[in-house]
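Novice: Just so we're aligned, residue 1024 is where the sequence shown starts under the numbering used here, counting upward by one.
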Amino acid sequence: MFRRRRRALSATPSAAAGGLVEAAPQQRVMEIFRRFWPDTRPLRRWWWVSLALMVVGPALDTAALWLFKILIDDVLTPRDFHKFFDLVGIFLGFTVLIGLVGFADQYLSAWIGERFVMNLRIRVFGHLQKLSVGFFERRRLGDVLARLTGDIAAIEALVLAAVATALQNAFKIIFFTGALFFLRWELALMALIAVPVFWLLARRFARLIRDASREARRRSGSISAVAEESLGNIALVQAYDQQDAEVERFHRENMGSFGAEMAAARLRATFSPLVDLLEMVGILVVVGMGIWELTQGAISVGGLLVFLAYLGQLYSPIRAFGQLSHTVFAAAGGAERVIELLDEQPTVTAPATPQPPAA
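Written as structure tokens, this is what we have:
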């Protein structure tokens, strides 16, 4: 034990430069879902309630925006204020209802997510309890602890939060797109031309962010491993006067983590302005066509303004879908590390029918 600890404290710089923890075997996203979706079984009845709230929310948002068309075309344009106070009451009712649905959705989603994390963390901890001592001799305890905490939380972001976000954005796209086509289908077709470009950009950047995020998760395990080894053997560190060496080793691992995180941040920061530019071009094209149709009497002022409002709301979930792929691949790096733990099997197993010791 003493020799093993001493070797850990005297790790060479070349080994540390590449990180103390090896990367976990890569897994397909669908394989990760297959492995962890059964863990949602105790929570699924509440998940269906949350799904219903996800449908109601976008429907209410769509109806609330439609009220602006009525306000502009039936009240402001003809300067007829007979309907104004009725619309005020309806607006207030929708606002309160949207707030209540949003509160219930967020609270229930948080409860489901935290319960999932708690149950999965207990399951993984129970699995670790059954592994042989040799496993813990080969593994760095700090890395195991990092997988038991942060990496399990990443699984919830992938299996539950990502699915909920995808469904919520899908319902928003359905409702807002339907409203666009109901208002003016020619403008709606022009507005949707940008959608394939959104998708291609998101797919390209998602692949790059996936690799950077996987490296960041590996580096987080290395940081925990260094901290656990050094602080757990502080008496040896001080006895051999290795304090400065340990600080330098910890610094190297943090610099590796910093580089990986900045690589992912750089990609995300590049993706956002490109999407902003694409979104602005699409809106300006629609505005130009809408003004022309307005002069031809094909659409009302209220219809055009609400069309633009729906278009702005539509681009938001489309953008969120692109960013969701980044979240999925980032969380997949943590899920792969937990799968590697669960795939470990004890080298010594208890017999099916244990026998009492001989007298």
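We put the beta carbon where it would ideally sit given N, CA and C, even for glycine.
Note that the structure is predicted; figures quoted are calculated from it, not measured.
When the Cβ atoms of the stretch 1210-1230 are set against those of the stretch 1239-1258, are three or more pairs found closer than 8 Å?
Specialist: Result no; under three Cβ-Cβ pairs closer than 8 Å.
Novice: In whole angstroms, what is the alpha-carbon distance linking V1260 and A1268?
Specialist: Within the sequence shown, the letter at position 237 stands for residue 1260. Within the sequence shown, the letter at position 245 stands for residue 1268. Going from the Cα of V1260 to the Cα of A1268 covers about 9 Å.
Novice: My assumption, with CB atoms under 8 Å, is that L1066 sits in contact with L1090. Please give the rounded CB distance.
Specialist: Residue mapping note: residue 1066 aligns to position 43 of the sequence shown, counting from 1. Residue mapping note: residue 1090 aligns to position 67 of the sequence shown, counting from 1. Not a contact, Cβ separation roughly 36 Å.
Novice: What do you get for S1295, buried or exposed, if any count of 16 or more other CB atoms within 10 angstroms of its CB means buried?
Specialist: What you label residue 1295 is simply residue 272 of the sequence shown in a count that begins at 1. Exposed: under 16 other Cβ atoms inside 10 Å.
Novice: Could you give the distance in angstroms between the alpha-carbon of L1231 and the alpha-carbon of A1287?
Specialist: Position 208 of the sequence shown, counted from the first residue, corresponds to residue 1231. Position 264 of the sequence shown, counted from the first residue, corresponds to residue 1287. So the alpha carbons of these two residues sit roughly 8 Å apart.
Novice: I'd like the span of the alpha helix (DSSP H) that includes V1167, first residue to last.
Specialist: Reading the sequence shown from its first residue, position 144 is the one you call residue 1167. Its alpha helix (DSSP H) spans residues L1164 to A1169.
Novice: Check each candidate in I1341, Q1152 and A1184 and name the one with the smallest Cα separation from L1171.
Specialist: Mapped onto the sequence shown, residue 1171 falls at position 148. The shortest C-alpha separation from L1171 is found at Q1152.
Novice: Any chance the stretch 1241-1249 sits against the stretch 1165-1182, with 3 or more Cβ pairs inside 8 Å?
Specialist: Output reads yes: the stretch 1165-1182 touches the stretch 1241-1249.
Novice: My output table needs one value for R1054: the three-state DSSP class, helix, strand or coil.
Specialist: Translated into the one-based positions of the sequence shown, residue 1054 becomes position 31. The sequence shown places Glu at residue 1054, not Arg. Three-state DSSP puts E1054 in a helix.
Novice: Ends of the alpha helix (DSSP H) at V1298?
Specialist: Counted from its first residue, the sequence shown places residue 1298 at position 275. Where V1298 is concerned, the enclosing alpha helix (DSSP H) stretches over Q1266 to T1318.
Novice: Return yes when the Cβ of S1339 is within less than 9 Å of the Cβ of K1195, no when it is not.
Specialist: Taking the sequence shown and counting its residues from 1, one reaches residue 1195 at position 172. Taking the sequence shown and counting its residues from 1, one reaches residue 1339 at position 316. Their beta carbons are under 9 Å apart, which means K1195 touches S1339 by this criterion.
Novice: Report yes if the C-beta distance between G1328 and V1309 is below 9 Å; otherwise report no.
Specialist: Residue numbering aside, residue 1328 sits at position 305 when the sequence shown is read from its first letter. Residue numbering aside, residue 1309 sits at position 286 when the sequence shown is read from its first letter. In the sequence as presented, Gly is not what sits at residue 1328; that position holds Leu. Contact flag unset, no.
Novice: Which first and last residues belong to the alpha helix (DSSP H) in which A1258 is found?
Specialist: Within the sequence shown, numbered from 1, the residue matching residue 1258 stands at position 235. It spans I1257 to A1262 - the alpha helix (DSSP H) in which A1258 sits, taken as one unbroken run.
Novice: In angstroms, rounded to a whole number, what distance separates the CA positions of V1186 and G1112?
Specialist: Walking along the sequence shown from the start, residue 1186 turns up at place 163. Walking along the sequence shown from the start, residue 1112 turns up at place 89. Straight-line Cα distance between these residues: approximately 35 Å.
Novice: Using DSSP with H/G/I as helix, E/B as strand and the rest coil, what is Q1049?
Specialist: Your numbering for residue 1049 matches position 26 in the sequence shown. Reduced to three states, the DSSP call for Q1049 is coil.
Novice: Which of the three DSSP states is assigned to L1215 in this structure?
Specialist: Mapped onto the sequence shown, residue 1215 falls at position 192. Residue state, collapsed to three classes: coil.
Novice: What residue ranges within the stretch 1053-1129 form continuous alpha helix (DSSP H) runs of no fewer than 4 residues, ordered along the chain?
Specialist: Those alpha helix (DSSP H) runs which fall completely within the stretch 1053-1129 and span 4+ residues are 1067-1093.
Novice: With three or more C-beta pairs closer than 8 Å as the rule, is the stretch 1176-1185 touching the stretch 1350-1369?
Specialist: Touching, per the Cβ criterion.
Novice: Residues in the same chain with beta-carbon distance under 7 Å from F1158, minus the five sequence neighbours each way, listed in chain order, please.
Specialist: As a first step, residue 1158 is located in the sequence shown; it is residue number 135 there, counting from the start. Correct list, in chain order: E1367.
Novice: Quick check: the Cα distance between A1250 and E1160, rounded to an integer number of angstroms?
Specialist: As a first step, residue 1250 must be located in the sequence shown, where it is residue number 227. As a first step, residue 1160 must be located in the sequence shown, where it is residue number 137. Rounded to the nearest angstrom, the two C-alpha atoms are 17 Å apart.
Novice: Does the stretch 1132-1152 come within contact of the stretch 1063-1079, defined as at least 3 CB pairs closer than 8 Å?
Specialist: Flag = yes, the stretch 1132-1152 and the stretch 1063-1079 touch.
Novice: Can you check whether the CB of R1162 is closer than 9 Å to the CB of F1330?
Specialist: Numbered from 1 along the sequence shown, position 307 holds the residue referred to as residue 1330. Numbered from 1 along the sequence shown, position 139 holds the residue referred to as residue 1162. Cβ distance not < 9 Å, so F1330 and R1162 don't count as in contact.
Novice: Three-state secondary structure (DSSP) at D1174?
Specialist: Within the sequence shown, numbered from 1, the residue matching residue 1174 stands at position 151. Helix.
Novice: Expressed to the nearest angstrom, what Euclidean distance is found between the alpha-carbon atoms of A1214 and N1192?
Specialist: On the sequence shown, position 191 is the one that residue 1214 refers to. On the sequence shown, position 169 is the one that residue 1192 refers to. Roughly 18 Å between the two C-alpha positions.
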